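Engineer: Mind looking over this structure? Questions follow.
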Amino acid sequence: MWRWGVVTLTCEGTSRGGRGAGVGLRYHEAGPAGAEAPVLVMLHGGGPGASAWGAFGGVLGAFAGRFRTLLVDLPGFGRSDKPELDKDVFSFGADAVAGLLDELGVEKAHFAGVSLGGGVCVRMALDHPDKVDRLLLTAPAGLALNLFTAEPTEGVKRLIEFGVAPEPTREHVRAFLTSLVHDPSHVTDAFVEERYAQALDPGARLGAQRLGAAFAKWPEGSLLWREAHRITRPTLLTWGREDRVNPVDGAFVALKAMPDARLHVFPRCGHLAYVEREAEFLRLAVDFLEG
Numbered sequence: 002m003w004r005w006g007v008v009t010l011t012c013e014g015t016s017r018g019g020r021g022a023g024v025g026l027r028y029h030e031a032g033p034a035g036a037e038a039p040v041l042v043m044l045h046g047g048g049p050g051a052s053a054w055g056a057f058g059g060v061l062g063a064f065a066g067r068f069r070t071l072l073v074d075l076p077g078f079g080r081s082d083k084p085e086l087d088k089d090v091f092s093f094g095a096d097a098v099a100g101l102l103d104e105l106g107v108e109k110a111h112f113a114g115v116s117l118g119g120g121v122c123v124r125m126a127l128d129h130p131d132k133v134d135r136l137l138l139t140a141p142a143g144l145a146l147n148l149f150t151a152e153p154t155e156g157v158k159r160l161i162e163f164g165v166a167p168e169p170t171r172e173h174v175r176a177f178l179t180s181l182v183h184d185p186s187h188v189t190d191a192f193v194e195e196r197y198a199q200a201l202d203p204g205a206r207l208g209a210q211r212l213g214a215a216f217a218k219w220p221e222g223s224l225l226w227r228e229a230h231r232i233t234r235p236t237l238l239t240w241g242r243e244d245r246v247n248p249v250d251g252a253f254v255a256l257k258a259m260p261d262a263r264l265h266v267f268p269r270c271g272h273l274a275y276v277e278r279e280a281e282f283l284r285l286a287v288d289f290l291e292g
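For the sequence shown, the working numbering assigns the number 2 to the initial residue and increments by one for each residue that follows.
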């Protein structure tokens, strides 16, 4: 439970429902109302039990003080629909989010995404550029091209192990979550239990299967770095120096190719900069988005 002004922000209290591109989407909303309020859309990463609230519920209050903030469960995750995909994961997610914004009457927004959600933000900027103002990307999937790190990376290996296990265990979840951070103290027993329970939900398992099938069917859809030169919106790339999922060397092709990109690297930080370097991340994010 977090505070924004005198309003208490809770998961259920901020929860909303909508549709985009024929897909039912669940999202959380907080912040100023009215047509003049700047809008920020935040898109979470993947992995067992991932959801918009699980990723960004803790920082919603900080952003909602300045932006009409929407935390969206991407298709296949959280309480959104788990459809069979008819295109690659990033394009499918971007089309769904674009449709949701149309339903809400939002013409343009800032986009912030981490990992898989960062890849969806990139595809938004490529396929729906008129809807995108600024991009805040944290170790975005698809845009990263590893120059010095062998693939699959440690984090991806842990994710694969969970996905192929006949009966995934708490230790599978703990191993994956630990690969996301530099400081393992963030991976508490309570956190593991929460994500384990969410990951075993039949809907979550169906969503993961269908997303995995889409990645296998349209692998070239993941190669967003090949189109980085077409992203002209102002972009802040943020990365943890110790990221073991999308290592920091993956940032440099995008940084070089994108006309208006800048990069901030957090030391002693893994894949989740907004968790391990929360205060610094929020200062950078707000300064950039309001710039």
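Heads up, the beta-carbon is just placed ideally off N, CA and C, and yes, glycines get one too.
Small disclaimer: the values here were computed from a predicted structure and weren't measured.
Rounding to the nearest angstrom, what Cα-Cα distance links residue 169 and residue 291 in this structure?
Structural biologist: 43 Å
Engineer: Please report the straight-line C-alpha distance between residue 141 and residue 127, rounded to a whole angstrom.
Structural biologist: 14 Å
Engineer: So residue 253 is in the alpha helix (DSSP H); what residue range does that whole segment cover?
Structural biologist: Counting along the chain, residue 253 sits inside the alpha helix (DSSP H) bounded by residues 253-258.
Engineer: Hey, how far is the Cα of residue 218 from the Cα of residue 89?
Structural biologist: 8 Å
Engineer: How many Å lie between residue 99 and residue 42 at the Cα?
Structural biologist: Counting only the Cα atoms, residue 42 lies some 11 Å from residue 99.
Engineer: Do you know whose CA, among 262, 211, 222, lies nearest residue 77's CA?
Structural biologist: 211
Engineer: Under the three-state reduction of DSSP, which class applies to residue 58: helix, strand or coil?
Structural biologist: Looking at residue 58 - three-state DSSP - the assignment turns out to be helix.
Engineer: Considering Cα atoms alone, identify which of 104, 197, 133 is closest to residue 164.
Structural biologist: 197
Engineer: Three Cβ pairs or more, each shorter than 8 Å: is that satisfied between the stretch 183-196 and the stretch 275-292?
Structural biologist: yes
Engineer: Considering only the alpha carbon of each residue, which of 213, 28, 272, 85 lies closest to residue 52?
Structural biologist: 28
Engineer: Check whether chain B comes within 9 Å of residue 47, counting only Cβ atoms and requiring the distance to be less than that.
Structural biologist: Absence of chain B from the displayed structure is noted, only one protein chain being present.
Engineer: Should residue 132 go down as buried or exposed, given a rule of 16 or more other Cβ atoms within 10 Å for buried?
Structural biologist: buried
Engineer: Cβ of residue 229 within 9 Å of Cβ of residue 137?
Structural biologist: no
Engineer: Taking its Cβ as the centre, do 16 or more other Cβ atoms sit within 10 Å of residue 75, making it buried, or is it exposed?
Structural biologist: buried
Engineer: Buried or exposed: which applies to residue 232, given that a residue is buried once 16 or more other Cβ atoms fall within 10 Å of its Cβ?
Structural biologist: buried
Engineer: Please state if the CB of residue 93 and the CB of residue 306 are separated by a distance shorter than 9 Å.
Structural biologist: The requested residue 306 does not occur in the structure, where the chain is confined to residues 2 to 292.
Engineer: Taking only runs that begin and end inside the stretch 76-151, name each unbroken beta strand (DSSP E) of 3 or more residues, in chain order.
Structural biologist: With a minimum length of 3 residues, the continuous beta strand (DSSP E) runs that stay inside the stretch 76-151 are 110-115, 133-139.
Engineer: Alpha carbon to alpha carbon, how far is residue 64 from residue 203? Give it in angstroms, no decimals.
Structural biologist: 32 Å
Engineer: May I have the straight-line CA-CA distance separating residue 268 from residue 241, to the nearest angstrom?
Structural biologist: One C-alpha to the other measures close to 6 Å.
Engineer: Sorted by chain position, which residues of the same chain lie with C-beta nearer than 7 Å to residue 33's C-beta, five sequence neighbours on each side aside?
Structural biologist: Only residues of its own chain outside the window of five on either side were considered, and among them 69 have a CB closer than 7 Å to the CB of residue 33, listed in chain order.
Engineer: Assuming residue 263 and residue 237 form a contact by the criterion Cβ under 8 Å, report the distance between their Cβ atoms to the nearest whole angstrom.
Structural biologist: 6 Å
Engineer: Which word fits residue 214, buried or exposed, when buried means at least 16 other C-beta atoms lie within 10 angstroms of its C-beta?
Structural biologist: exposed
Engineer: Can you give the Cα-Cα distance for residue 16 and residue 56, rounded to whole angstroms?
Structural biologist: 14 Å
Engineer: Can the beta-carbon of residue 117 be found less than 9 Å from the beta-carbon of residue 251?
Structural biologist: Judged by their CB atoms, residue 117 and residue 251 are not nearer to each other than the 9 Å cut-off.
Engineer: Just to confirm, are residue 135 and residue 234 a CB contact at a threshold of 9 Å?
Structural biologist: yes
Engineer: Measure how close the beta-carbons of residue 45 and residue 115 come, nearest whole angstrom, since I'm counting them as under 8 Å.
Structural biologist: Yes, they are in contact, since the Cβ atoms of residue 45 and residue 115 sit about 7 Å apart, within 8 Å.
Engineer: Taking the C-alpha atoms as reference points, what is the distance between residue 85 and residue 247?
Structural biologist: Computed Cα separation, rounded: 26 Å.
Engineer: Rounded to the nearest angstrom, what separates residue 257 and residue 14 at their Cα positions?
Structural biologist: 42 Å
Engineer: Check residue 219 in the structure and name its three-state DSSP category.
Structural biologist: coil
Engineer: Taking just the CA atoms, how far does residue 31 sit from residue 195?
Structural biologist: 24 Å
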